[in-house]
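Student: In this note's numbering, the protein residues as written are 30 to 512.
1) Taking only the alpha-carbon atoms, compute the straight-line gap between residue 236 and residue 307 and give it to the nearest angstrom.
2) Classify residue 83 as helix, strand or coil using the three-state DSSP reduction.
3) Could you check the C-alpha separation between residue 106 and residue 135 for me, to the nearest Å?
4) Going by beta-carbon coordinates alone, are residue 394 and residue 443 separated by less than 8 Å?
5) When we look at the beta-carbon of residue 348 and count the other beta-carbons within 10 Å, is it buried (16 or more) or exposed?
6) Report the rounded CA-to-CA distance for residue 436 versus residue 344, giving the unit in angstroms.
7) Kindly indicate which three-state DSSP category residue 288 falls into: helix, strand or coil?
8) Measuring CA to CA, which of 80, 184, 150 is closest to residue 194?
9) Evaluate contact between the stretch 64-73 and the stretch 127-147, counting only Cβ atoms and requiring at least three cross-stretch pairs below 8 Å.
10) When the distance is taken between beta carbons, is residue 255 closer than 8 Å to residue 199?
11) Could you name the residues of the same chain whose beta carbon sits closer than 6 Å to that of residue 458, not counting the 5 residues immediately before and after it, in chain order?
12) Does DSSP put residue 152 in a helix, a strand or coil?
13) Is residue 513 near residue 99, with beta carbons less than 8 Å apart?
14) Around the Cβ of residue 447, are there at least 16 other Cβ atoms within 10 angstroms (buried) or fewer (exposed)?
15) Starting from the N-terminal side, write out each stretch of the alpha helix (DSSP H) that is 4 residues or longer and does not extend beyond the stretch 40-115.
16) Among the candidates 196, 114, 336, whose CA atom is the shortest distance from the CA of residue 160?
17) Which residue comes first and which comes last in the alpha helix (DSSP H) that contains residue 239?
18) Per DSSP, which residues does residue 137 bridge with? Please list them.
19) Among 183, 262, 385, which one has its Cα closest to the Cα of residue 168?
20) In the DSSP assignment, find the unbroken alpha helix (DSSP H) run with residue 251 in it and report its ends.
21) With a threshold of 7 Å, establish whether the CB of residue 162 neighbours any heavy atom of the ligand GDP.
22) Do residue 148 and residue 191 come within 8 Å of each other at the CB atom, strictly closer than that value?
23) Taking the beta strand (DSSP E) that residue 269 belongs to, which residues open and close that run?
24) Taking contact to mean at least 3 C-beta pairs separated by less than 8 Å, is the stretch 271-290 in contact with the stretch 214-224?
25) In the structure shown, what three-state DSSP assignment does residue 7 receive?
26) Any idea what DSSP makes of residue 170, helix, strand or coil?
27) Tell me which residues share the same chain as residue 36 and place their Cβ nearer than 7 Å to its Cβ, disregarding the 5 neighbours each side in the sequence.
28) Reducing DSSP to helix, strand and coil, say where residue 486 ends up.
29) Does the separation of the CB atoms of residue 84 and residue 104 fall below 8 Å?
30) Per DSSP, what kind of secondary structure is residue 38 in: helix, strand or coil?
31) If you drop the 5 nearest sequence neighbours on each side, which residues of the same chain put their C-beta closer than 6 Å to that of residue 314?
32) Which residue's Cα is closest to the Cα of residue 156: 143, 265, 163, 166?
33) Considering only the beta carbon of each residue, do residue 450 and residue 358 sit closer than 8 Å?
34) Using the Cα positions of residue 244 and residue 158, report the straight-line distance between them to the nearest angstrom.
35) Run through DSSP, which three-state label would residue 222 get?
36) Between residue 249 and the rest of its own chain, which residues show a CB-CB distance below 8 Å, the 5 nearest in sequence each way excluded?
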């Protein structure tokens, strides 16, 4: 199979044929009779299907071929591949597929002897069954820089061009094809701007820097060197390690590349000489920036902790106010019941007092609930504007859980207290109006009624003694006069 692939690539390289490879077939056209016979010999060894036609699309068998019918076109039927897998025979087909940016995760390449993987793809020899789990990079590189009409230079998915492991076959021709294209894609990530023609990378610096660039430059891997290629891979991987910090890291790396380069030069030469030092300096600058951010973060966390403590204390104070109001109202309610039972206080006065007490307790509870809802709305605004750096789990542990506990206590105390006061108010109503129905006027003493009908012992009062007379009339005299 390798012999067939090398033969087809040689014909294409020497411009003796035009080669196009799809997922299922390889089409080789503009062939001479000798080249057709060489290809057929290799195909028969592999037992692969094929068809031969001339420039007028007439199909011919092997024994019918003649030099006068040239040029020929051979279409080779490749063995079927698995689902979500691309199987490629030639280097030229591999290059064409990479340029097409196909979305398959697994790529089987005939030239490979050892598999290598990127963040989102794996490239293996044919019939390799190794397990691979792609890693998604959400950030679109095209949002990082100004790209005037050269969008094809900047990939949509940077994960396809970042190695997952640097233990690879650098001298393998299939890896070189991938590496050369990867260098083009990664170089386009470094600058702040690409000009309209796509041949100049611009760095804002300071100092400002312009590097010449050509996406068609051959043998980029050899010009860059293996060490610098790995350094370029590590630099761009570092930029995309954290989705939230891609912009800041890319700016730092771009600035350090401009600072490390003393002159305008081809981009490959500049990266070869400076990428390792630029990456080291960018990491140092990033750590310093993170240190400053950490100070601000600690300050924000301290302020958040204080606001949580203050809000929890206010909720606890609101709870105490509700408890105090309910206890006072309960005492007043019991006093009203006692007053009704022992005195002749007007009913409307007792009812009015009980209603006023219930309204007072309701107002205390309503003020506490209003404060609670206001603080909830403020917290939601704080979280989206000031504390987005906190993960939801951490924010919940620091804020939502402790404040929620205080809120639940306030709700329970308010509900219980209001229920008690409502029940007490209803009892005041019942006892007040039931008492009025039993005593429409001045209460009469039963013993007095009995004494009015028959003569008997005098009926005593604290200040008077009522002496019954023979004729049924009574005379009230002061106690002192009776002695």
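Glycine included, each C-beta is placed from N, C-alpha and C at the ideal position.
Tutor: Put simply:
1) As a position in the chain shown, residue 236 is number 207, starting the count at 1. As a position in the chain shown, residue 307 is number 278, starting the count at 1. Approximately 14 Å between the Cα atoms of the pair.
2) Reading the chain shown from its first residue, position 54 is the one you call residue 83. Three-state result, residue 83: strand.
3) Here residue 106 refers to the residue found at position 77 when the chain shown is read from its first residue. Here residue 135 refers to the residue found at position 106 when the chain shown is read from its first residue. For residue 106 and residue 135, the distance between alpha carbons rounds to 20 Å.
4) In the chain shown, residue 394 corresponds to position 365, counting from 1. In the chain shown, residue 443 corresponds to position 414, counting from 1. It is a contact, given that the beta carbons lie within the stated cut-off.
5) As a first step, residue 348 must be located in the chain shown, where it is residue number 319. With 16 or more Cβ atoms within 10 Å of its Cβ, residue 348 is classed as buried.
6) As a position in the chain shown, residue 436 is number 407, starting the count at 1. As a position in the chain shown, residue 344 is number 315, starting the count at 1. Going by the C-alpha atoms only, they are around 7 Å apart.
7) Residue mapping note: residue 288 aligns to position 259 of the chain shown, counting from 1. Residue state, collapsed to three classes: helix.
8) As a position in the chain shown, residue 194 is number 165, starting the count at 1. Taking only the C-alpha atoms, the option nearest residue 194 is 150.
9) no
10) Within the chain shown, numbered from 1, the residue matching residue 199 stands at position 170. Within the chain shown, numbered from 1, the residue matching residue 255 stands at position 226. Contact: yes.
11) In the chain shown, residue 458 corresponds to position 429, counting from 1. Excluding residues within five positions, none has a Cβ falling inside 6 Å.
12) For this step, residue 152 is matched to residue 123 along the chain shown. Of the three classes helix, strand and coil, the one that applies to residue 152 here is strand, per DSSP.
13) With the chain represented from 30 up to 512, any question about residue 513 goes unanswered, as that position is not in the structure.
14) Sequence index remark: in the chain shown, residue 447 carries index 418 (1-based). Burial call: buried.
15) 62-75
16) As a working note, residue 160 is residue 131 in the chain shown. Of the listed residues, the one whose Cα sits closest to residue 160 is 114.
17) For the purposes of this step, residue 239 is identified with residue 210 of the chain shown, where counting begins at 1. First-last for residue 239: 238-241, but that is the beta strand (DSSP E), not the alpha helix (DSSP H).
18) As a first step, residue 137 must be located in the chain shown, where it is residue number 108. In DSSP, residue 137 forms a bridge with 116, 153.
19) Residue mapping note: residue 168 aligns to position 139 of the chain shown, counting from 1. The residue with the shortest Cα to Cα distance from residue 168 is 183.
20) Translated into the one-based positions of the chain shown, residue 251 becomes position 222. Counting along the chain, the alpha helix (DSSP H) containing residue 251 begins and ends at 249-253.
21) Within the structure as shown, the ligand GDP is missing, as the structure has no ligands at all.
22) By one-based count along the chain shown, residue 191 stands at place 162. By one-based count along the chain shown, residue 148 stands at place 119. Contact flag set, yes.
23) As a position in the chain shown, residue 269 is number 240, starting the count at 1. Per DSSP, residue 269 belongs to no beta strand (DSSP E) and is neither H nor E.
24) yes
25) In this structure the chain extends from 30 to 512, so residue 7 is not present and cannot be described.
26) Here residue 170 is taken as the residue at index 141 of the chain shown, counted from 1. It is helical.
27) For the purposes of this step, residue 36 is identified with residue 7 of the chain shown, where counting begins at 1. Within the same chain, residue 36 has close Cβ partners 67, 68, 71.
28) Along the chain shown, one-based indexing puts residue 486 at 457. Low per-residue confidence applies at residue 486: pLDDT is 44, beneath 50, and the placement is therefore not dependable enough to give any value.
29) Position 55 of the chain shown, counted from the start, is the residue given in the question as residue 84. Position 75 of the chain shown, counted from the start, is the residue given in the question as residue 104. No, the pair does not count as a contact, with Cβ atoms beyond the cut-off.
30) To locate residue 38, count along the chain shown from 1; it is residue 9. Residue 38: helix per DSSP, three-state reduction.
31) Taking the chain shown and counting its residues from 1, the one referred to as residue 314 is at position 285. So the list reads 281, once near-sequence residues are dropped.
32) Residue numbering aside, residue 156 sits at position 127 when the chain shown is read from its first letter. That would be 143, whose Cα lies nearest to the Cα of residue 156.
33) Residue 450 sits at position 421 when you count from the first residue of the chain shown. Residue 358 sits at position 329 when you count from the first residue of the chain shown. For residue 450 and residue 358, yes; Cβs fall inside 8 Å.
34) Position 215 of the chain shown, counting from 1, holds the residue named residue 244. Position 129 of the chain shown, counting from 1, holds the residue named residue 158. Those two C-alpha atoms are separated by around 34 Å.
35) Working through the chain shown from its first residue, we reach residue 222 at position 193. Residue 222 falls in the strand class under three-state DSSP.
36) Walking along the chain shown from the start, residue 249 turns up at place 220. Around residue 249: 208, 209, 212, 213, 297.
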